[in-house]
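First comes the structure, then the notes that go with it.
In our numbering, the protein residues as written are 6 to 203.
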């Protein structure tokens, strides 16, 4: 009887411990990544899909000059972050670049490899590494176009609501002339409400 009772208690304890273990879900729907008003994985996907589609439909892409030249592109070092939160802007740019390369729209120079080379040069020179420097480097390695952008936000908070508006703007700029060849923006708005009982 004592053994049966001990076994019963052991089964209950094991069941309790198993019930407290975290559940790991590997396939997450886009909607499940949005847990508040802050930047999310769904926003990253929406922005990269939209921007790659916009470039694909841009007039310059179908021009005979672009088709014959197939100019190489380069990413700006960073997308300018004018939000009140940490957003990994490099991830946004790389996701867009991946979609453009895989869609056969553009070929890119590996700007990070170029940056590694320039780190050696920076030891010999003074000055900051900025987007103007990236443009100069682009000329050296044969890039004709540079893709750059900005993300900004406006946040409104009340006791029960948090409203955020994101604006993501990208530009494709000729390194030689400084002319903006293409630009577009994507807006994301989100409202989260807090419970009255918090």
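Backbone N, C-alpha and C fix where the C-beta goes; we use that ideal spot for every residue, glycine too.
Taking all protein chains shown into account, do 16 or more other C-beta atoms lie within 10 angstroms of the C-beta of residue i, making it buried, or fewer, making it exposed?
i, result
"residue 108", "exposed"
"residue 88", "buried"
"residue 153", "buried"
"residue 196", "exposed"
"residue 158", "buried"
"residue 12", "exposed"
"residue 116", "buried"
"residue 19", "exposed"
"residue 67", "exposed"
"residue 64", "exposed"
"residue 148", "buried"
Rounding to the nearest angstrom, what Cα-Cα distance links residue i and residue j in this structure?
i, j, result
"residue 74", "residue 187", "17 Å"
"residue 85", "residue 49", "15 Å"
"residue 94", "residue 83", "6 Å"
"residue 62", "residue 184", "19 Å"
"residue 103", "residue 190", "19 Å"
"residue 215", "residue 17", "Since the first and last residues shown for the chain are 6 and 203, residue 215 lies out of range."
"residue 156", "residue 193", "11 Å"
"residue 96", "residue 45", "12 Å"
"residue 71", "residue 165", "51 Å"
"residue 150", "residue 77", "7 Å"
"residue 198", "residue 161", "12 Å"
"residue 99", "residue 14", "54 Å"
"residue 81", "residue 169", "26 Å"
"residue 112", "residue 163", "46 Å"
Would you list the residues sitting across from residue i in a DSSP beta bridge?
i, result
"residue 177", "152 and 187"
"residue 12", "According to DSSP, residue 12 bridges with nothing at all."
"residue 167", "162 and 197"
"residue 113", "78"
"residue 192", "172"
Taking the beta strand (DSSP E) that residue i belongs to, which residues open and close that run?
i, result
"residue 77", "77–80"
"residue 87", "85–87"
Which residue comes first and which comes last in the alpha helix (DSSP H) that contains residue i?
i, result
"residue 107", "94–107"
"residue 59", "46–62"
"residue 72", "69–74"
Since residue i and residue j are thought to touch, with beta carbons under 8 Å apart, how far apart are those beta carbons, to the nearest angstrom?
i, j, result
"residue 2", "residue 110", "Nothing can be reported for residue 2: it is not among the residues displayed for the chain, which extend from 6 to 203."
"residue 101", "residue 53", "5 Å"
"residue 43", "residue 90", "6 Å"
"residue 175", "residue 56", "5 Å"
Between residue i and chain D, is the shortest Cβ-Cβ distance under 7 Å, so that the two count as touching?
i, result
"residue 113", "As a matter of chain content, chain D is missing from the structure shown, which is built from one protein chain."
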